[in-house]
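Novice: Next up is a structure, given as structure tokens.
2 protein chains.
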Amino acid sequence: MHKEKIPKLTIPRLSLYYRALLESRESAFISSEELSKLTQFSAAQVRKDLTYFGEFGTPGKGYRIVELKEVILKILGTGRQRNIALIGAGNLGLALLAYRGFAVQGFRIVAAFDSNLSKIGKTFEGVLIRGMNELPQVVRNKNIEIAIIAVPANVAQEAVNKVIKSGITAILNFAPIRPKAPKGEEILNIDLSIELERLSYFLKRKSKKV
Amino acid sequence: MHKEKIPKLTIPRLSLYYRALLESRESAFISSEELSKLTQFSAAQVRKDLTYFGEFGTPGKGYRIVELKEVILKILGTGRQRNIALIGAGNLGLALLAYRGFAVQGFRIVAAFDSNLSKIGKTFEGVLIRGMNELPQVVRNKNIEIAIIAVPANVAQEAVNKVIKSGITAILNFAPIRPKAPKGEEILNIDLSIELERLSYFLKRKSKKV
DNA sequence: AAAAGATTGTGAATAATTTCACTTGACGCA
DNA sequence: TGCGTCAAGTGAAATTATTCACAATCTTTT
Numbered sequence: 666m667h668k669e670k671i672p673k674l675t676i677p678r679l680s681l682y683y684r685a686l687l688e689s690r691e692s693a694f695i696s697s698e699e700l701s702k703l704t705q706f707s708a709a710q711v712r713k714d715l716t717y718f719g720e721f722g723t724p725g726k727g728y729r730i731v732e733l734k735e736v737i738l739k740i741l742g743t744g745r746q747r748n749i750a751l752i753g754a755g756n757l758g759l760a761l762l763a764y765r766g767f768a769v770q771g772f773r774i775v776a777a778f779d780s781n782l783s784k785i786g787k788t789f790e791g792v793l794i795r796g797m798n799e800l801p802q803v804v805r806n807k808n809i810e811i812a813i814i815a816v817p818a819n820v821a822q823e824a825v826n827k828v829i830k831s832g833i834t835a836i837l838n839f840a841p842i843r844p845k846a847p848k849g850e851e852i853l854n855i856d857l858s859i860e861l862e863r864l865s866y867f868l869k870r871k872s873k874k875v
Numbered sequence: 666m667h668k669e670k671i672p673k674l675t676i677p678r679l680s681l682y683y684r685a686l687l688e689s690r691e692s693a694f695i696s697s698e699e700l701s702k703l704t705q706f707s708a709a710q711v712r713k714d715l716t717y718f719g720e721f722g723t724p725g726k727g728y729r730i731v732e733l734k735e736v737i738l739k740i741l742g743t744g745r746q747r748n749i750a751l752i753g754a755g756n757l758g759l760a761l762l763a764y765r766g767f768a769v770q771g772f773r774i775v776a777a778f779d780s781n782l783s784k785i786g787k788t789f790e791g792v793l794i795r796g797m798n799e800l801p802q803v804v805r806n807k808n809i810e811i812a813i814i815a816v817p818a819n820v821a822q823e824a825v826n827k828v829i830k831s832g833i834t835a836i837l838n839f840a841p842i843r844p845k846a847p848k849g850e851e852i853l854n855i856d857l858s859i860e861l862e863r864l865s866y867f868l869k870r871k872s873k874k875v
């Protein structure tokens, strides 16, 4: 059994390998070299990443595509549906609600919440907007495992607190703050300003190299 | 002069230091220890990050907040306005257009583009939606340095190609693909599916630890 | 003016991650 | 069956990033 520690970045790479596999319908097998070409990661990286979880390849041939896809699904736990609660039904929240792009992967926003009374009770994309007070029971009833935070910065920590109290442990946060949370919670931050500032830094450096 | 190579993650940390500084109005000075408390990064990390760019602190006191803020702005190149082109005026695109949150940092979407004829000519949030053919001249005229890609996956590479051809070198990509681009381009990917899959992996692991 | 106290800046040590390079196993063909 | 080839798996090396720990230095106090 493999006991090595798995690098953080291995997981998103697995997602990308999976995507590449979806586009590889020509052959039954794929080599780490081919996966490397498709994903821009090195072939050694591909092999290393995969062997953290087992030995799936056959020397001389490569990886059986059908099998590898199943394996990655299993590792990521995306074989089944995962229900999501959307917190915040503003512009961004509603855009995420309308974005059905990740439904294919099994993720589904099954409930939405807002504290704005004028929104509560309305339905968008077939999803009813509820008051935050309903969060705990809806999480329980609808078997919600993930929350997406799409509220303004000034109420984001409060929203995160309520989400955690409702029993959710996996959070995707779009608010431009780093929420504080107890151990055992997994919070991923998607922070527009920070990404733009990274780009700005890149532009700055570039303009200096005359 | 410092010549050490700067770790990739130093830059987003600088952004977070800056944010913390905005909230530190009590005193004129702040120590790496205090910044550590505010940002969750270690004090040594704070000092290391800052010294890549110079020596800004005074032993025994810490960093002068006003000065440090200026320094970080200068490093990141966020002291001045950066103009952005939005590619794709669908749900997500329009939500980004409406999100004025990063305007304060000097980032501004000054033009929007779509290939859907029914959208071209309309105005959202004071920004006219134009056809993609207008991209090159608008980039030139409006001094646009950054593009945000918010188009469906199947046309994203094409959009990126056009953006690059128009002379833009910094791209924030929301489409669930890894665009191919020549060297010299900086592309940051914000990929919802991948983040959700990371959360799924986390949930999977968690459920195993019984 | 000296001593005490605080905190920076930084080499060195450690940790994490990726790449290298080689061994081994599987397949296909003569 | 045996040989050649291909590609996985993997320790070791290299690279990258973070943490440690302490000398240097500035401030404050007495």
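Just so you know, the sequences run in chain order R and Z. Here the working numbering = 1-based position in the first sequence + 665. Here the working numbering = 1-based position in the second sequence + 665. Ideal Cβ positions, reconstructed from N, Cα and C, are used throughout, including at glycine. Treat the numbers as computed from the prediction; the structure is a model and nothing was measured.
Give me the chain R residues within the contact set of Ile-774 of chain Z, using Cβ-Cβ distance strictly less than 7 Å, ordered along the chain.
Specialist: Ordered by position in chain R, no residue passes the 7 Å Cβ test against Ile-774 of chain Z, which lies about 11 Å from the chain.
Novice: For Arg-773 of chain Z, which option in Z:Asn-781, Z:Asn-756, Z:Leu-751 has the closest C-alpha, if you only look at C-alpha atoms?
Specialist: Z:Leu-751
Novice: I'd like to know if the stretch 739-758 of chain R and the stretch 806-819 of chain R are in contact, where contact means that at least 3 CB-CB pairs between them fall below 8 Å.
Specialist: yes
Novice: Please determine whether the Cβ atom of Ser-692 of chain Z lies at a distance below 6 Å from any heavy atom of the ligand ADP.
Specialist: No copy of the ligand ADP occurs in the structure displayed, which carries no ligand at all.
Novice: For a contact defined as C-beta to C-beta under 7 Å, what are the partners of Phe-767 of chain Z on chain R?
Specialist: Leu-857, Ser-858, Leu-861
Novice: Using a Cβ-Cβ cut-off of less than 7 Å, give me the residues of the stretch 794-818 of chain R that come near chain Z, in sequence order.
Specialist: Glu-810, Ile-811
Novice: What residues in its chain sit with their C-beta under 8 Å from that of Val-828 of chain Z, if we drop five residues either side in the sequence?
Specialist: Ala-750, Ile-752, Leu-800, Ala-812, Ile-814, Ile-836
Novice: What residues in the stretch 668-679 of chain Z bring their beta carbon closer than 7 Å to a beta carbon of chain R?
Specialist: From the stretch 668-679 of chain Z, only Ile-676, Pro-677 have a Cβ closer than 7 Å to chain R.
Novice: Around the Cβ of Met-666 of chain Z, are there at least 16 other Cβ atoms within 10 angstroms (buried) or fewer (exposed)?
Specialist: Because Met-666 of chain Z carries a pLDDT of 42, less than 50, the predicted location of this residue cannot be relied on, and the following value inherits that uncertainty. By the neighbour-count rule (16 or more Cβ atoms within 10 Å), Met-666 of chain Z is not buried but exposed.
Novice: Who are Tyr-717 of chain Z's beta bridge partners in DSSP?
Specialist: In the DSSP output, where bridge partners are listed per residue, Tyr-717 of chain Z has none listed.
Novice: Could you name the residues of the same chain whose beta carbon sits closer than 6 Å to that of Asp-714 of chain Z, not counting the 5 residues immediately before and after it, in chain order?
Specialist: Thr-675, Arg-678
Novice: I believe Val-804 of chain Z touches Leu-762 of chain Z by the beta-carbon criterion, under 8 Å. Please report the beta-carbon distance rounded to the nearest angstrom.
Specialist: Their Cβ separation, rounded to whole angstroms, is 17 Å, which puts Val-804 of chain Z and Leu-762 of chain Z out of contact at 8 Å.
Novice: Take Ala-818 of chain R as the anchor and find which of Z:Pro-841, Z:Gly-766, Z:Lys-726 has the nearest alpha-carbon.
Specialist: Comparing Cα-Cα distances from Ala-818 of chain R to each of Z:Pro-841, Z:Gly-766, Z:Lys-726, the minimum goes to Z:Gly-766.
Novice: If we define contact as Cβ-Cβ less than 7 Å, is Lys-869 of chain R a contact residue for chain Z?
Specialist: Among the CB atoms of chain Z, one or more fall inside 7 Å of the CB of Lys-869 of chain R.
Novice: Do Ala-840 of chain Z and Ala-821 of chain Z come within 7 Å of each other at the CB atom, strictly closer than that value?
Specialist: yes
Novice: Are the CB atoms of Ala-824 of chain R and Ile-794 of chain R within a distance shorter than 7 Å?
Specialist: no
Novice: Let me make sure I understand the geometry here. Which of R:Leu-733, R:Ser-831, R:Glu-669 has the alpha-carbon closest to that of Ser-696 of chain R?
Specialist: R:Leu-733
Novice: Counting contacts by CB-CB distance shorter than 7 Å, is Arg-712 of chain Z in contact with chain R?
Specialist: no
Novice: Under 7 Å Cβ to Cβ from Ala-685 of chain R, same chain only, skipping five residues before and after it: list those, please.
Specialist: Same-chain partners within the cutoff: Leu-700, Leu-703, Thr-704.
Novice: What does Arg-684 of chain R pair with, by DSSP beta-bridge criteria?
Specialist: In DSSP, Arg-684 of chain R forms no bridge with anything.
Novice: Would you mind telling me which residues of chain R sit closer than 7 Å to Gln-822 of chain Z, beta carbon to beta carbon, in chain order?
Specialist: Those do not exist, as Gln-822 of chain Z stays about 13 Å from chain R at its closest Cβ, beyond 7 Å.
Novice: Who are the near neighbours of Ile-852 of chain Z in its chain, counting only those whose CB is closer than 7 Å to its CB and skipping five residues on each side?
Specialist: Ile-836, Asn-838, Pro-844, Ala-846
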